[in-house]
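The numbering of the sequence shown is UniProt numbering, which starts it at 1 and goes up by one.
For glycine and all other residues, C-beta sits at the position ideal for the given N, C-alpha and C.
Small disclaimer: the values here were computed from a predicted structure and weren't measured.
These notes are about the structure you will find just below.
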Amino acid sequence: MSPASAASATIRPASLPDIPIIISLAEATWEPTYRFIISKEQIDYMYRVIYTPASLQRQITEQGHQFLLLFDDEEQAGGFASYSAKEEAGTYHLNKIYILPSHQGRGFGQLLLRAVEQAVRQAGGHRLELNVNRHNPALAFYEHEGFQLHREEDIAIGPYWMNDYVLRKDLPERQ
């Protein structure tokens, strides 16, 4: 069996019945993503706040989060992203983008990000913004993809802090 290829991956919108898939992907990506950045206690706390079925349902039905699911060439879920409109006209926020560790480094993240950018443009957006922990190695990926530092932000989450950079990317008109 050869490694999954981004070239034949598919991306589709997710809906409420897909919440178990999102949770499964989050379970497989969260700890490997954050274990060298924040404490295990903070990882567990944030995961419980963000990835319960009820929380994901609220994100979709009340907070306007649009989720995308990525499937590899073997039709296995390999990643997910979510985005939502911000109050600033034309600006959208990339809330989440996670790729299974087994699929990282093979173009899946770039493919999923491109799908988000396309969806944002189709919705009339011209700018994408995201938060990334200041020590997250994914910062290099975002910079490579054209995101630029907008500001630093420290956000309380329960008894913990998210020490983030806010990055922005202007989205050109469709090419």
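Discussion item. Here's the rule I'm using: 16 or more other beta-carbon atoms within 10 Å means buried, otherwise exposed. How should G124 be labelled?
Written reply: exposed
Worksheet item: For M1, which residues of its own chain have a beta-carbon under 7 Å away from its beta-carbon, when the five flanking residues on both sides are left out?
Response: Note that M1 scores a pLDDT of 39, beneath 50, so its modelled location is shaky; the value from the coordinates is reported in the next line. Same-chain partners within the cutoff: there are none.
Worksheet item: Smallest Cα separation from Y142: which of E152, N131 and R151?
Response: N131
Worksheet entry | Segment limits, alpha helix (DSSP H) that includes P20 | I19 to Y34
Worksheet item: Per DSSP, N133 forms a beta bridge with which residues?
Response: D164
Discussion item. L100 and A77 - do their beta-carbons sit closer together than 9 Å?
Written reply: yes
Worksheet item: With distances taken between CB atoms, is the gap from A119 to L69 smaller than 9 Å?
Response: no
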